[in-house]
Amino acid sequence: MAATTGASVFISSRLTMRVSSLKLASISTQGRNTLSFRLRPVPARLRVSCAAKPETVEKVCEIVKKQLALPDDSKVTGESKFAALGADSLDTVEIVMGLEEEFGISVEEESAQSIATVQDAADLIEKLINKTDA
Amino acid sequence: MSFTLRSVKVPPNSVNLEEARSRVFDFFRSACRSIPSIIDIYNLDEVVTKSQLRSTIAAEIRKNCHVTNPKVIDMLLFKGMEELNNILEHAKQRHHMIGQYVVGHHGLVQDLDSKDQGLSDFLKNFYKSNYF
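Taken in sequence, the protein lines are chains A and B.
The first sequence begins at 1 in full-length UniProt numbering and counts up by one.
The second sequence begins at 1 in full-length UniProt numbering and counts up by one.
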């Protein structure tokens, strides 16, 4: 009984091994093509979408807080809009000028109009810094 | 009079409030960009920082924020540009800059010394300005 069961086990295992090996082979041939192409572009795409570094966002938040005279414990995150923090349009322009001075960049007219949140400002700063480095 | 650095680019009429508003922001931006040279010309390095001057300029602009007539805004802008040109041409002097923009409306006497603490309000108002 033990022998027969052992034999059956062997046979089944061989069969499964063959089947699994066949599957593995097919997967590996497909996998080599697809996996290798997928691995390279995805990290690049991830880097471009979340462009601003955290310390840039941090510095922008500091400048915003100082300019609008907000208390230190108020939450200024990447998504907070300038209008929601109590800044009127002149304040926004002043904040942009402060950022220009802090980071040594020069912001264009149209780009300055489009800044609405802290994250926008940080992304624009990153883009300008990278452009001057490149 | 020749304006050396920045010619007065304001044409006489803004069509509407939006255009006047964008001109104000352009003027503010050009003023802020010339702050480093102002500090350099008048040797204001130890007296004031760039962000203080920026806030002063913004406060001056904000004083007139309730104006709605585009022609009045144009006139105020013209005066502002003329002032900026005068400053950049060194037509003003250091004490003008310090009195008008650094100390500004706070008055020249600050309550810093201990002997000033007992001063009466009348005297403090007197030092501040002629008109109470």
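Glycine is no exception: its CB is placed at the ideal position from the N, C-alpha and C atoms.
{"Item": "Residues of its chain near residue 42 of chain B, where Cβ-Cβ distance is below 6 Å and the 5 sequence neighbours each way are ignored", "Value": "94 and 97"}
{"Item": "Counted within 10 angstroms of its Cβ, other Cβ atoms place residue 65 of chain B as buried (16 or more) or exposed", "Value": "exposed"}
{"Item": "Contact list for residue 62 of chain B against chain A, beta-carbon separation under 7 Å", "Value": "90"}
{"Item": "Where residue 49 of chain B falls: helix, strand or coil (DSSP)", "Value": "coil"}
{"Item": "Buried versus exposed, by CB contacts within 10 Å (16 or more), residue 122 of chain B", "Value": "exposed"}
{"Item": "Span of the alpha helix (DSSP H) around residue 68 of chain A", "Value": "Taken as a continuous stretch (DSSP letters only), residue 68 of chain A belongs to no alpha helix (DSSP H), as it is neither H nor E."}
{"Item": "Sub-7 Å separation of residue 122 of chain A and residue 76 of chain A beta-carbons", "Value": "no"}
{"Item": "Enclosing alpha helix (DSSP H) for residue 121 of chain A [first to last residue]", "Value": "118-133"}
{"Item": "Given 8 Å, three or more beta-carbon pairs between the region 28-43 of chain B and the region 53-65 of chain B", "Value": "yes"}
{"Item": "Close-in-space but distant-in-sequence residues of the same chain around residue 135 of chain A (CB under 7 Å, 5 per side omitted)", "Value": "One cannot answer for residue 135 of chain A here, as it falls past the ends of chain A, which runs 1 to 134."}
{"Item": "Partners in chain B for residue 101 of chain A, counting only beta-carbon separations shorter than 7 Å", "Value": "50"}
{"Item": "Chain-ordered chain B contacts of residue 94 of chain A [CB-CB under 7 Å]", "Value": "54 and 58"}
{"Item": "Residue closest to residue 49 of chain B, alpha-carbon to alpha-carbon, out of B/124, B/120, B/125 and B/102", "Value": "B/102"}
{"Item": "Cross-strand partners of residue 81 of chain A (DSSP beta bridge)", "Value": "A/117"}
{"Item": "Through-space distance from residue 131 of chain A to residue 92 of chain A, alpha-carbon basis", "Value": "23 Å"}
{"Item": "Proximal residues to residue 124 of chain A (C-beta, below 8 Å), its chain only, five neighbours per side dropped", "Value": "107, 111 and 115"}
{"Item": "Contact set for residue 13 of chain B: own chain, Cβ-Cβ below 8 Å, skip 5 residues either direction", "Value": "70, 71 and 74"}
{"Item": "Per-residue contacts from residue 98 of chain A into chain B (C-beta, under 8 Å)", "Value": "51 and 54"}
{"Item": "Environment of residue 85 of chain B [buried if 16+ CB atoms lie within 10 Å]", "Value": "buried"}
{"Item": "Contact check, residue 27 of chain B vs residue 80 of chain B, beta carbons under 7 Å", "Value": "yes"}
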